[in-house]
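Enquirer: Please read through the structure below; I'll follow up with questions.
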């Protein structure tokens, strides 16, 4: 079982209606715990929060330069994108650069996550394909890793494929843990996914925020991945997405990547801190959003204007279908200790 | 805070990924606790699980007969419906019978809960109106209560309106608690909503399952509301809705009504039991569904064929976008003690 604490609650009138439990770890670049809520060593899957680290070996190995990938293209390789037209075009361009097409992607197919994009596809009488899968950018980046190292592409999902071994090794180094301690399972898009303690994950995110302890080429690669994500936040998520809007509001101060089932990772650049958090029930909406914004507020990671810009994600009162205020979402954790 | 326990968990590979916590109370018609998980006296809002009891005074007072409402119409008055065409038609018919129209409904407007119905409306270039609100049936039933008692309809949402006072009193009697102990707040559709202990709510559901301890007209009214819901389960929810599918599979053995934020109420007819449960995080999907089916299984409320028919809601393995089995949902509570 997870050792979690209430992170946010919903009240209606004066009565409690919902509790979101979870755990948070805030660490510095050396992996020292700076603040926490619940069990900071809670161990579970990063899911898509691993994407910046799954991309890193491509950049670190010089593959991004060899193929001439733009920052915008790197950003979509670290994305859980909405399947909007500009995402699909970017991934299509990456595959073309590699001499591949949609058939090389083994992520599977789902309709665009952004409802209007799914609707537009339907209206055009088109079926979604693997390009619309929110992970298609990551998969195109993995294919680039294969080609850059002259490795077979058919088996790139296999945990024993050299690129997957490199990715796992890279994550372990950034997280400061032995590779063998990483528990593997299969992600929604069929690649290996990693279960590690929140502290370890937060430590990896701290390296994105401040890569100065690393020698080259890792130092520049970490900087380049974080910069690409912050420069093109719409590529990392899309319209009305928390990741996108936090990085947009953060203006280069925060690099973030959400994962499925209530996971969230953040690097806070001015503070050189990494954050990993998990909502134990997998919430990725009202509860998760409020907790993420509250963490940023409590850490002083964002200025007041940025917080105002993110108000729709933050805790606060909510209204019913007639516009009456009927309750409120409240954070109930304190990182300042 | 709620005193809850893990009710269901999700594992990916061999690792825990999600926990759903909550509480369950199972009581007999006398309110005696038969089984529980977590705090059976957890107090929170019934939300839409109160609908059968919000309808009861109309039937009990003879209003349903006076207006000649059919079982099908009574079922939609106890519904959180999908806003499908047949729901909208039924509510329109009720209002016509009352000499009213959509403008009398004060529930507010939202798009049909069933996506294809919302889409069909959009394709027809029509805006959703209050008839599509999942609570429009309940509101039409409240309007009928006003007219049946020759009371003003404009103020029917007011907690001090005589019909709301009667509804609260009725719920208190069925739940075996003092009316003054019921905490009120405003529901999503603007009517008063009731916070009471799970045991009390379960006791009210037990009366739907077995009304024999009541004298007339309540006895027949309880029977009539439960029978209407079980006879026309598609009116109570709609296509691909847990409430509808459970009552359809139950073939007269169970009467159920879900509420927002992970609330669920059930009456088990052959056992004369009532159940109320709450997922503390408000989950109304994977977790809530698995818990509801597991409660029915553990209580022996449904036969094997019925459980097979409900398999899509039950705990079990799940697949990713490529059809690979990657994890499973498992119940983790035991009511048999």
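Protein chains in written order, with this note's numbering: chain Z, 717 to 1053; chain Y, 717 to 1053. Quick reminder that beta carbons are idealized off the backbone N, C-alpha and C, glycines included.
Whose CA, out of 997/Z, 858/Z and 947/Z, lies closest to the CA of residue 788/Z?
Expert: It is 947/Z whose Cα lies nearest to the Cα of residue 788/Z.
Enquirer: Just the chain Y side, please: which residues come within less than 9 angstroms of residue 849/Z by C-beta, in chain order?
Expert: 1037, listed in chain order.
Enquirer: Pull out every residue of the stretch 727-759 of chain Y whose Cβ sits closer than 9 angstroms to any Cβ of chain Z, in chain order.
Expert: Here the close residues are 727, 728, 729, 730, 731, 732, 733, 734, 735, 736, 737 and 759.
Enquirer: How long is the line joining the alpha carbons of residue 1036/Y and residue 903/Z, rounded to whole angstroms?
Expert: Roughly 7 angstroms between the two C-alpha positions.
Enquirer: Which partner residues of residue 911/Y appear in the DSSP bridge assignment?
Expert: Per DSSP, 761/Y and 899/Y.
Enquirer: Using a threshold of 8 angstroms, state whether the C-beta atoms of residue 740/Z and residue 1049/Z are closer than that.
Expert: Cβ distance < 8 angstroms, so residue 740/Z and residue 1049/Z count as in contact.
Enquirer: At the level of alpha carbons, what is the spacing between residue 758/Z and residue 770/Y?
Expert: Between residue 758/Z and residue 770/Y, the C-alpha separation is close to 44 angstroms.
Enquirer: Assuming contact is defined by CB atoms lying nearer than 8 angstroms, are residue 951/Y and residue 855/Y in contact in what I supplied?
Expert: Contact flag unset, no.
Enquirer: From what residue to what residue does the beta strand (DSSP E) around residue 722/Y run?
Expert: Here the beta strand (DSSP E) through residue 722/Y covers 721-728.
Enquirer: Which residues in chain Z sit within 7 angstroms of residue 906/Y, going by Cβ to Cβ distance?
Expert: Correct list: 1036, 1038 and 1040.
Enquirer: Anyone know if the C-beta pair for residue 898/Y and residue 911/Y falls short of 8 angstroms?
Expert: Contact flag set, yes.
Enquirer: What in chain Z is Cβ-close to residue 722/Y, meaning under 8 angstroms?
Expert: Under the 8 angstroms cutoff, chain Z gives 717.
Enquirer: Take every Cβ of the stretch 963-970 of chain Z, pair it with every Cβ of the stretch 1012-1028 of chain Z, and state whether three or more of those distances are shorter than 8 angstroms.
Expert: The answer is yes - the stretch 1012-1028 of chain Z touches the stretch 963-970 of chain Z, with three or more Cβ pairs under 8 angstroms.
Enquirer: By DSSP, does residue 737/Z sit in helix, in strand, or in coil?
Expert: Strand at residue 737/Z.
Enquirer: Using a Cβ-Cβ distance under 8 angstroms, would residue 915/Z count as near chain Y?
Expert: Judged by the 8 angstroms Cβ criterion, residue 915/Z is not in contact with chain Y.
Enquirer: Using alpha carbons as the reference points, say which of 720/Z, 962/Z, 800/Z and 732/Z lies closest to residue 1042/Z.
Expert: Measuring from the Cα of residue 1042/Z, the nearest candidate turns out to be 732/Z.
Enquirer: From the beta carbon of residue 899/Z, is the nearest beta carbon of chain Y less than 8 angstroms away?
Expert: Chain Y, which has a Cβ nearer than 8 angstroms to the Cβ of residue 899/Z, makes this yes.
Enquirer: Please list the partners that residue 1010/Y has in chain Z, where partner means a Cβ-to-Cβ separation under 7 angstroms.
Expert: The contacting residues do not exist; residue 1010/Y stays about 17 angstroms from chain Z at best.
Enquirer: With DSSP as the reference, please indicate the residues paired to residue 1041/Z in a beta bridge.
Expert: Answer by DSSP bridge pairing, in chain order: 1035/Z.
Enquirer: Does the Cβ of residue 803/Y have 16 or more other Cβ atoms within 10 Å, making it buried, or fewer, making it exposed?
Expert: Residue 803/Y comes out buried.
Enquirer: Taking DSSP as the reference, what is the three-state secondary structure of residue 836/Y?
Expert: If DSSP states are grouped into helix, strand and coil, residue 836/Y belongs with the helices.
Enquirer: Is it buried or exposed, residue 717/Z, if we count other Cβ atoms within 10 angstroms and call 16 or more buried?
Expert: So residue 717/Z ends up on the exposed side.
Enquirer: Can you check whether the C-beta of residue 862/Y is within less than 8 angstroms of a C-beta belonging to chain Z?
Expert: Output row for residue 862/Y: interface = no.
Enquirer: Check each candidate in 852/Z, 753/Z, 747/Z and 828/Z and name the one with the smallest Cα separation from residue 790/Z.
Expert: Of the candidates 852/Z, 753/Z, 747/Z and 828/Z, the one whose C-alpha sits nearest the C-alpha of residue 790/Z is 852/Z.
Enquirer: So, do the stretch 751-766 of chain Z and the stretch 913-933 of chain Z have three or more beta carbon pairs nearer to each other than 8 angstroms?
Expert: The stretch 751-766 of chain Z vs the stretch 913-933 of chain Z: in contact.
Enquirer: For a contact defined as C-beta to C-beta under 7 angstroms, what are the partners of residue 954/Z on chain Y?
Expert: Correct list: empty, because the minimum Cβ distance to chain Y is about 18 angstroms.
Enquirer: Name the residues in the stretch 799-827 of chain Z whose C-beta lies less than 9 angstroms from a C-beta of chain Y; which are they?
Expert: Taking 9 angstroms as the Cβ-Cβ cut-off against chain Y, the residues of the stretch 799-827 of chain Z that qualify are 822, 823, 824, 825 and 826.
Enquirer: Would you say residue 896/Y faces chain Z, with C-beta separation under 8 angstroms as the test?
Expert: Answer no: the Cβ-Cβ gap between residue 896/Y and chain Z never drops below 8 angstroms.
Enquirer: Report the option in 846/Z, 963/Z, 976/Z and 1045/Z whose CA atom is closest to the CA atom of residue 1054/Z.
Expert: Absent from the structure is residue 1054/Z, since the part of chain Z shown begins at 717 and ends at 1053.
Enquirer: Is the beta carbon of residue 895/Y less than 8 angstroms from the beta carbon of residue 884/Y?
Expert: Yes.
Enquirer: Under a three-way DSSP split, which group does residue 810/Z fall into?
Expert: Reduced to three states, the DSSP call for residue 810/Z is helix.
Enquirer: Does DSSP put residue 861/Z in a helix, in a strand, or in coil?
Expert: Three-state DSSP puts residue 861/Z in a helix.
Enquirer: Any idea which residues DSSP pairs residue 1046/Y with across the strands?
Expert: Looking at the DSSP assignment, residue 1046/Y forms a beta bridge with 725/Y.
Enquirer: Within 10 angstroms of its Cβ, does residue 1040/Z collect 16 or more other Cβ (buried), or is it exposed?
Expert: Exposed.
Enquirer: Run down chain Z in chain order and give the residues with a C-beta less than 9 angstroms from the C-beta of residue 960/Y.
Expert: Per Cβ cutoff of 9 angstroms: no residues; residue 960/Y is ~22 angstroms from chain Z at best.
Enquirer: Closer than 8 angstroms, CB to CB, is residue 981/Y near chain Z or not?
Expert: Taking Cβ atoms only, chain Z never reaches closer than 8 angstroms to residue 981/Y, which makes this a no.
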